[in-house]
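First up is the structure itself, then whatever we jot down about it.
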Amino acid sequence: MHKERLKSLPFLVFDHLNTHKELYHAVTTRAGGQSPAPHASLNLGINTDDSPLNIISNHITVSKALNFELSFLISSTQVHKDRILCISQKPEHKESKVPGVCYEGFDSILTAQKGITVMIRVADCVPIILYNPKKKVIAVTHAGWKGTLSEISIKTIHQMEKQFGCCPADIKAGIGPAIGKCCFSVTHEVAEKFTEKLEGSKYFVSQNKSSSYIDLKEANKTQMILSGLKVENIETSEICTSCRSDVFFSHRREKGRTGRFALLAGLHSS
Ligand SMILES: [Zn+2]
6 MHKERLKSLP
16 FLVFDHLNTH
26 KELYHAVTTR
36 AGGQSPAPHA
46 SLNLGINTDD
56 SPLNIISNHI
66 TVSKALNFEL
76 SFLISSTQVH
86 KDRILCISQK
96 PEHKESKVPG
106 VCYEGFDSIL
116 TAQKGITVMI
126 RVADCVPIIL
136 YNPKKKVIAV
146 THAGWKGTLS
156 EISIKTIHQM
166 EKQFGCCPAD
176 IKAGIGPAIG
186 KCCFSVTHEV
196 AEKFTEKLEG
206 SKYFVSQNKS
216 SSYIDLKEAN
226 KTQMILSGLK
236 VENIETSEIC
246 TSCRSDVFFS
256 HRREKGRTGR
266 FALLAGLHSS
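Numbering (our numbering), first residue to last: 6 to 275.
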């Protein structure tokens, strides 16, 4: 990943996705918004106790910097499950308290529709983008430990295959900044759920007598490889959001009193 700046807003992009000119994408940071602490400053979390005016203003800032229409922004309340939303047409413009169009209860959004922007919001959970350049299909996914355990990456890739005929070998993936193994200690019970349910857990679960640690980014990467993605098509951010809570919101580091950053993506209309 590397850092870019548009209209003074800093954000990160995946190098291997940046080569596709029809696609735009970004991972925001906590810089460039107007929210005060503990949501300082670019809080995009719609269910945080930040002022709605700040949250709306921050969304406007992002849409202006990335040059997309806010009324065609699609997101969802996220519930740490595995439901996948497929958007097949541009939404009707409607008045809403939440910027753009917000659905309820989806942790993955899939589309081949041009002219809309899909977004997921995170603070430690793993933000994932999947893109098939041949079919021009995008998915954005929110994978916390529960979503990872329910194999949301595998299920999203499966939907790309089923609904759009995407071949997994053609899909490129970006795994964004999230809590790292360094900071994500879990109970032995949670670690055991991972080792019992998920294939390849030796790559992402480590346990000693006192603690268990899970590498959520690696767990999702493993799911992608098991689904048929090529290793060289997966780019993973090295950043741990908890170690770098100066740059990203971290739910665990900040004990829940924090904002959300976002992964956004869309296909240009022309
Ligand atoms: Zn860390």
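No residue lacks a Cβ here, since even glycine has one placed at the ideal position from N, Cα and C.
Here the structure is a predicted model, which is why all the values come from computation and not from measurement.
Original post:
Counting along the chain, where does the beta strand (DSSP E) carrying T241 start and finish?
Top reply: 239-241
Subject >> Close Cβ partners of F209 (< 7 Å) along its chain, the five nearest in sequence each way excluded >> reply: I219, D220, E223, A224, T227
Subject >> Same chain, Cβ closer than 6 Å to V142, five either side skipped, listed in chain order >> reply: A117, M165, F169, C171
Original post:
Cα separation between A144 and L28?
Top reply: 12 Å
**OP:** Can you tell me which of the three DSSP states G271 falls into?
**Re:** strand
**OP:** Indicate, with yes or no, if ligand 1 has a heavy atom lying under 6 Å from the CB of C130.
**Re:** no
**OP:** In the DSSP assignment, find the unbroken beta strand (DSSP E) run with A31 in it and report its ends.
**Re:** 28-33
Original post:
In three-state DSSP terms, what is T200?
Top reply: helix
Original post:
Around ligand 1, which residues pass a check of Cβ closer than 6 Å to any of its heavy atoms?
Top reply: G185, C187, C188, C245, S247, C248
Original post:
The beta strand (DSSP E) with P15 in it runs from where to where?
Top reply: 14-18
**OP:** Kindly list the residues whose CB is nearer than 7 Å to the CB of K12, restricted to its own chain and excluding five residues on each side of it in sequence; keep chain order.
**Re:** K69, A70
Original post:
For V123, which three-state DSSP category applies?
Top reply: strand
Subject >> Simplified DSSP state of F266, which is helix, strand or coil >> reply: strand
Original post:
Can the beta-carbon of L268 be found closer than 7 Å to that of P132?
Top reply: yes
Original post:
If you follow the beta strand (DSSP E) that A144 is part of, which residue opens it and which one closes it?
Top reply: 142-148
Subject >> Residue closest to D248, alpha-carbon to alpha-carbon, out of R126, L49, H64, K186 >> reply: The question names Asp, yet the displayed sequence has Cys at residue 248. Of the listed residues, the one whose Cα sits closest to C248 is K186.
Original post:
With distances taken between CB atoms, is the gap from C107 to S76 smaller than 7 Å?
Top reply: no
Original post:
Do you know whose CA, among I114, P57, Q39, T153, lies nearest E85's CA?
Top reply: It should be noted that the sequence gives His, not Glu, for residue 85. Measuring from the Cα of H85, the nearest candidate turns out to be T153.
Subject >> Expected contact under 8 Å - CB spacing of V32 and L49 to nearest Å >> reply: Not quite, the Cβ-Cβ distance comes to about 11 Å (not below 8 Å), so this is no contact.
Original post:
Quick one: is I65 buried, meaning 16 or more other Cβ sit within 10 Å of its Cβ, or exposed?
Top reply: exposed
Original post:
Over what stretch of residues does the beta strand (DSSP E) that includes V131 continue unbroken?
Top reply: 131-137
**OP:** Counting only the same chain and skipping the five closest in sequence on each side, list residues whose C-beta sits under 7 Å from that of P104.
**Re:** I61, H64, L75, L78
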